[in-house]
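Below is one structure, written out as structure tokens; the observations come after it.
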Amino acid sequence: MKQRHTLKAGVLFGSALLLAAGSASAATWSDTFIGYRYGTDFHEPNNPEDVQKHVVQLGHASGYAYGSNFFNVDVLMSDDKDPANGATRGDGGSGAQEIYLAYRTQLHLSKVTGQSFAFGPVKDLALTGGFDLNTKNTAVAPKKQMFVIGPTLKFGLPNNGFADFSVLYRTEKNRNNLAPTQKDIRFDDTYQLSLAWKAPFQLGPAPFKFQGFADYIGTKGNNTKQEILMRASLMADVGQLVAGKKDTVYAGVGYEYWHNKFGNNPGTGAQPGLGLKTTAPTLNLEWHL
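Spelled out as structure tokens, the structure:
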């Protein structure tokens, strides 16, 4: 069974690399930015506290002859309510630090074949692949390795906006350093429904954009439940408003909703459901280079 899962993960990883191969071509467009968000109402499994987090982000999106690429890395810094390994919760010691990396690449079928796949509100079809990796210096010491691949419907929105809806095959493994026996956990393969969007619009003299993503993840064995993660933000182009520099500096507010965090079952544990739901408003900044 373990060999079969390892083979599947290898196939998915190889597929993602093949999808990314075209990115060696010259970029037809690109956007690199540094982001920051801050909130005080984050939650962690089996933790009764509201956790304050500072999140520094580096993101890059680009297009090439046959598709597009997206890369993002978040550095998440918690306060002492989410302690690092060896620290005690709420004692003023070191808060946990997490690094979370996500990569997605797409092959746009119209660009690959030279034919149109538009129908109704859909402007193109794509094949999406990628992976997520993370590490966090808590006692649990997670090391997530997740791979996805599947078809995407690409919708066009006004003002060069977009909305992508993907149906993805997902395989994942992680680590729980506190587990009494099996510390490396291989989850069952499952599905993931993903929506990502950016919708620019004008409100009087002020340019805005509403952007974000939402994921619905099926059960993945090991007594898990369906998981929902949504992160959205409403951002004003303050660079254009203040200095006439369009698409450079954005500021706004965001919101994170996370239900059954990491797929944890809310009906288990000493205190069922503890820390498995986040509803966290955030303050957000973006500086596009």
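For the sequence shown, the positions run 27 to 315 when our numbering is used. Every residue, glycine too, gets a C-beta built ideally from N, C-alpha and C. All values reported here derive from a predicted model rather than from experimental measurement.
Assigned with DSSP and collapsed to three states, LEU135 falls in helix.
For PRO147, the closest of HIS69, PRO231, LEU183 by C-alpha to C-alpha distance is LEU183. Taking the Cα of GLY265 as reference, the smallest distance to any Cα among PRO231, LEU219, THR294 is reached at PRO231.
About 6 Å separates the beta carbon of LYS287 from that of PRO71, a gap short enough to meet the 8 Å contact definition. Take ALA225, set aside five residues on each side of it, and the residues of its chain with a beta-carbon closer than 6 Å to its own are LEU183, GLY187, PHE236, in chain order. Ranked by Cα distance from MET172, the options LYS149, GLU198, ASN185 are led by GLU198. In the DSSP secondary-structure assignment, SER56 is bridged to SER88. Under DSSP, LYS199 shares a beta bridge with GLN171, ARG212. Linking LYS251 to GLU282 through their CA atoms gives a straight-line distance of about 19 Å.
Between the alpha carbons of MET261 and LYS272 lies a distance of about 13 Å.
Exposed is the label assigned to PHE227, since fewer than 16 other Cβ atoms lie within 10 Å of its Cβ.
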